[in-house]
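Here's the structure we're looking at; comments come further down.
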Amino acid sequence: MVVEAPEPGKLSAILFTGIEGPDGLSWRDESLQNDMRDEHALLVRELLPRHGGREVKRLEDGFLLEFEGGPSAVDFGLELQRVLDARNGDASAERRVILRVGVHLGMVVHRDGDVFGEGVNLAARIEALARPGTLYVSETVARQVEGRLASPPVRLGRGEMKNIRLPVAVYRIDPPEHRRRMPLLSRMRSFWGRRSAAN
């Protein structure tokens with residue numbers, strides 16, 4: 001009997017992007033939907049080499065990307081959101097490209113150009129929870145980047161996670177431009193959320 005050796009794993013930062021429909025709604029115009037996807041793809045592929053990332057695959061409404069570590073993944077995600085924020089300022093509401101971004105640092109297995117494993121699954125679940133225009137990251141990523149950011153990552157409570165439990169703590173990272181534009185009530189909630197997490 002031949003026992004196959006387990007596939008070697010690698011520690012990687014996995015980043016998922018996902019496009020939100022206009023104002024959180026689904027597109028009714030398929031051609032507009034395709035235009036937004038293509039514009040998203042062009043921007044991702046333009047910025048990715050600057051941060052040493054690798055395109056694993058394009059998904060229906062986003063990308064699965066791989067980075068050597070959390071800092072490069074977060075730098076890419078923040079630049080992507082900053083560029084989109086500037087671009088959306090001159091676009092009509094229905095043509096704004098609004099992204100959710102999720103990042104997790106974990107073990108993955110490479111096979112035929114793809115990546116598999118718990119690290120990939122957790123990154124996908126984190127992205128699905130993310131508030132549009134921000135980055136949601138796991139605790140391992142938050143610890144790697146905390147001292148490099150203008151504002152520290154905000155640990156999310158159960159209410160903000162819609163009562164969905166994950167095996168890792170999840171944090172939100174806001175691009176500086178996004179934080180300046182947050183309504184006062186949202187900024188207050190963010191502040192009190194940080195106080196609650198610290199207690």
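Letter 67 of the sequence shown, counting from 1, is numbered 67 in UniProt numbering, and no numbers are missing. Quick reminder that beta carbons are idealized off the backbone N, C-alpha and C, glycines included.
Taking all protein chains in view, the Cβ of Met107 is surrounded by fewer than 16 other Cβ atoms within 10 Å, so the residue is classified as exposed.
Here Pro152 is not near Val137, since their CB atoms are 8 Å or more apart. Burial check for Leu166: the Cβ neighbour count within 10 Å stays below 16, so the residue is exposed. Note on the UniProt domain "Guanylate cyclase" (13 to 127): whole beta strand (DSSP E) runs with a minimum of 3 residues are 54 to 59, 62 to 67, 98 to 111, 114 to 116, in chain order. By the criterion of a C-beta distance shorter than 6 Å, Arg111 is surrounded by no residue of its chain, once the five residues flanking it on both sides are discounted. Taking C-beta separations shorter than 6 Å and ignoring five residues to either side along the sequence, the partners of Ser72 in its chain run His51, Gly52, following chain order. The C-beta distance from Val109 to Gly102 rounds to 19 Å, too long to fall under 8 Å, and the pair is not in contact. Residue range 170 to 173 is occupied by the beta strand (DSSP E) that includes Val170. Taking C-beta separations shorter than 8 Å and ignoring five residues to either side along the sequence, the partners of Val145 in its chain run Gly70, Pro71, Val74, Val137, Pro153, Ile173, following chain order. When DSSP reads this structure, Val145 sits in no beta bridge, so it has no partner.
Close CB contacts of Leu48 within its chain, under the 8 Å cut and outside five residues either way in sequence, are with Arg54, Glu55, Leu65, Phe76 (chain order).
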